[in-house]
Amino acid sequence: MKNLLIIKLRYIGDVLLATPVLRALRERFPEARLTMVVNRGTEEVVK
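Note that numbering that gives the first Met the number 0 has the sequence shown beginning at 0, numbered continuously upward.
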């Protein structure tokens, strides 16, 4: 299994703009474990 770490330590707008990348990674690597590092308060956006 692949592990992918996405580090996005900025604001909620940055996290929202990164969601298409997350979708593309999920499509390309469906079995991978995706982990994203974000600022406190933006974690609900990527759950």
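The C-beta atom is built at its ideal place from N, Cα and C for all residues, glycine as well.
Taking all protein chains in view, the Cβ of V37 is crowded by 16 or more other Cβ atoms within 10 Å, so the residue is classified as buried. The C-alpha of K1 is placed about 10 Å away from the C-alpha of P29. The beta carbon of T34 lies closer than 8 Å to those of N2, L3, L4, I5 in the same chain, with the five residues before and after it left out. Rounded to whole angstroms, E42 and I11 show a C-alpha spacing of 9 Å.
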